[in-house]
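>
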Amino acid sequence: MKEYALIGHPVEHSKSKDFFNEKFRLEGIDAQYINVDLESLNRLKRFLLLHPHLCGFNVTSPFKRAIVPYLQELDLEANYVGAVNTVVVQRRFWGRRHLIGFNTDVEGFYQSMLSIMKPHYNQALILGTGGAALAVERAFKKLGIMALMASRRVGVQGTIGYDQLTPDLLAKCPIVVNATPVGMSPHILDMPLIPYEALTPDHLCYDLIYAPEETRFLRHARLQGAVTKNGIDMLLIQANENWRIWSEYGR
640 MKEYALIGHP VEHSKSKDFF NEKFRLEGID AQYINVDLES LNRLKRFLLL HPHLCGFNVT
700 SPFKRAIVPY LQELDLEANY VGAVNTVVVQ RRFWGRRHLI GFNTDVEGFY QSMLSIMKPH
760 YNQALILGTG GAALAVERAF KKLGIMALMA SRRVGVQGTI GYDQLTPDLL AKCPIVVNAT
820 PVGMSPHILD MPLIPYEALT PDHLCYDLIY APEETRFLRH ARLQGAVTKN GIDMLLIQAN
880 ENWRIWSEYG R
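Every position in the sequence shown, counted from 1, becomes a number in our numbering once 639 is added.
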């Protein structure tokens with residue numbers, strides 16, 4: 640039986656396992672998808688050894704950038720972004736594994752934005768600087784939208800601090816994207832610290848998190864009249880793209 644997986648820490652919130660196992664059942668595919676909680680990528684080699692039938696795996700927080708040195712090859716999008724969320728496991732000579740990294744988060748976010756675009760969506764604020772945030776930034780470039788990234792870490796090049804997220808700044812950014820794990824289950828009471836009172840009905844607030852369905856970030860934005868969207872559409876789009884890649888490149 641072929642095997643696919645999700646690695647990250649934590650992973651219990653993910654719907655990928657249910658999505659793919661239902662897909663395998665409906666289409667009569669002899670495969671299974673599992674969640675693997677890795678506290679460190681130092682355990683990646685052992686994980687691969689314990690799963691000899693692994694054909695591909697997804698990568699989630701906090702490893703989307705850290706996984707890159709462990710791979711033998713990157714596709715163009717993953718190389719551009721510097722982050723990977725999809726890995727193809729190929730067998731080469733003498734059964735040696737060859738790991739190829741892809742980034743389907745870019746396409747997932749890009750496609751999910753196309754259906755909700757408005758003419759005044761010309762500048763975005765991205766909360767976070769991790770692998771998901773880099774994919775969102777790349778998608779905005781493809782959409783022709785200027786993006787500013789905010790980081791809680793002081794001194795990150797090309798970003799601003801959360802203390803600089805003033806009402807005036809939010810007024811200039813009609814799109815606000817939470818690309819951090821803040822507010823994800825089980826920490827559902829957490830939310831990014833931004834001036835929510837500056838949000839208006841002209842704003843779109845997008846949270847890449849989909850569990851819970853409405854985070855506190857989205858709830859506070861909705862109460863201000865902003866348009867809100869969670870990450871479930873992005874998940875489904877990039878999951879289908881994952882399967883296309885695994886089917887095309889896996890061998």
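For each residue, glycine too, the CB sits at the ideal point set by N, CA and C.
1. Since I believe residue 645 is in contact with residue 686 (beta carbons under 8 Å), could you give me their beta-carbon distance rounded to a whole number of angstroms?
2. What does the alpha-carbon distance come out to for the pair residue 779 and residue 821?
3. Using DSSP's beta-bridge definition, name the partner residues of residue 944.
4. For residue 880, count neighbouring Cβ atoms within 10 angstroms of its own Cβ and tell me buried if that reaches 16, exposed if not.
5. Under the rule that 16 or more other beta-carbon atoms within 10 Å means buried, what is residue 867, buried or exposed?
6. Check whether the region 770-785 and the region 717-725 are in contact - that is, three or more C-beta pairs closer than 8 Å.
7. Is residue 860 closer than 8 Å to residue 835 when the C-beta atoms are compared?
8. Using three-state DSSP, classify residue 724 as helix, strand or coil.
9. Just to confirm the assignment, what range does the alpha helix (DSSP H) spanning residue 845 have?
10. Looking at the structure shown, is residue 684 part of a helix, part of a strand, or coil, going by DSSP?
11. Restricting to Cα atoms, I'd like to know which of 808, 811, 641 is closest to residue 667.
12. Could you tell me which of 825, 701, 873 sits nearest to residue 678, measuring between CA atoms?
13. For residue 781, name the three-state secondary structure that DSSP assigns.
14. Residue 702 lies in the alpha helix (DSSP H); which residues open and close that run?
15. With DSSP as the reference, label residue 830 as helix, strand or coil.
16. Thinking C-beta only, is residue 764 closer than 8 Å to residue 789?
In short, the structure shows the following:
1. 11 Å between Cβ atoms; not a contact.
2. 21 Å
3. A question about residue 944 goes unanswered here, because the residues of the chain that appear run from 640 up to 890.
4. buried
5. buried
6. yes
7. Contact: yes.
8. coil
9. Premise fails: residue 845 lies in the beta strand (DSSP E), 843-846, not in any alpha helix (DSSP H).
10. helix
11. A check of alpha carbon separations from residue 667 across 808, 811, 641 identifies 641 as the nearest.
12. 701
13. helix
14. Neither: residue 702 is in no alpha helix (DSSP H) and is coded neither H nor E.
15. coil
16. yes
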